[in-house]
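**Student:** So that we are looking at the same thing, I have put the structure below in structure tokens.
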């Protein structure tokens, strides 16, 4: 979600309580004129919008958001994404990286949940 709040932890708790999946805060920034930056970032990722302030972003997108906010004098308050990026990967004999079977199943499960959430948000399915 790309959004703003005067009390991010309170807002996150409310959103998390109503979510069918467990949510985690990846990044929190403090930035002046946050409404302007929220609108700019949401416009930048318009093609990845799921609904409202929810977006289907990848690590490169998050890195782009980081660059934008740091260039605009944002202050990083919380960074949990480092934990996510440090998932170990096994290598095979030809040294190409292959995700572990457990990681592949986790990704598949996450993709399934995202599809269910998209369907619920646009009225196609019930959770």
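In my numbering, the protein residues as written are 1 to 127.
Each residue gets a CB set at the ideal place from its N, CA and C atoms; glycine is no exception.
By the three-class DSSP mapping on this structure, what secondary structure does residue 23 have?
**Tutor:** Taking the first residue of the chain shown as position 1, residue 23 is located at position 23. Residue 23: coil per DSSP, three-state reduction.
**Student:** In the segment 29-54, which residue ranges form an unbroken beta strand (DSSP E) of at least 3 residues, counting only runs that do not cross its ends?
**Tutor:** As far as the segment 29-54 is concerned, its whole beta strand (DSSP E) runs of at least 3 residues are 49-51.
**Student:** From residue 2 to residue 57, what does the alpha carbon distance come to, in whole angstroms?
**Tutor:** Sequence index remark: in the chain shown, residue 2 carries index 2 (1-based). Sequence index remark: in the chain shown, residue 57 carries index 57 (1-based). Rounded to the nearest angstrom, the two C-alpha atoms are 10 Å apart.
**Student:** Check each candidate in 80, 34, 60 and name the one with the smallest Cα separation from residue 5.
**Tutor:** Position 5 of the chain shown holds residue 5. Nearest C-alpha to residue 5: 34.
**Student:** Using 9 Å as the threshold, is the C-beta distance between residue 76 and residue 27 below it?
**Tutor:** Residue mapping note: residue 76 aligns to position 76 of the chain shown, counting from 1. Residue mapping note: residue 27 aligns to position 27 of the chain shown, counting from 1. Their beta carbons are under 9 Å apart, which means residue 76 touches residue 27 by this criterion.
**Student:** Pairs of beta-carbons, one from the segment 108-121 and one from the segment 58-67, closer than 8 Å: are there three or more?
**Tutor:** No, because fewer than three Cβ pairs between the segment 108-121 and the segment 58-67 fall closer than 8 Å, the two stretches do not touch.
**Student:** Which of the three DSSP states is assigned to residue 77 in this structure?
**Tutor:** On the chain shown, position 77 is the one that residue 77 refers to. Note: residue 77 maps to strand in three-state DSSP.
**Student:** If we ignore side chains and look at the alpha-carbon of each, how far apart do residue 72 and residue 80 end up?
**Tutor:** As a working note, residue 72 is residue 72 in the chain shown. As a working note, residue 80 is residue 80 in the chain shown. Looking at the two C-alpha atoms, the distance is approximately 21 Å.
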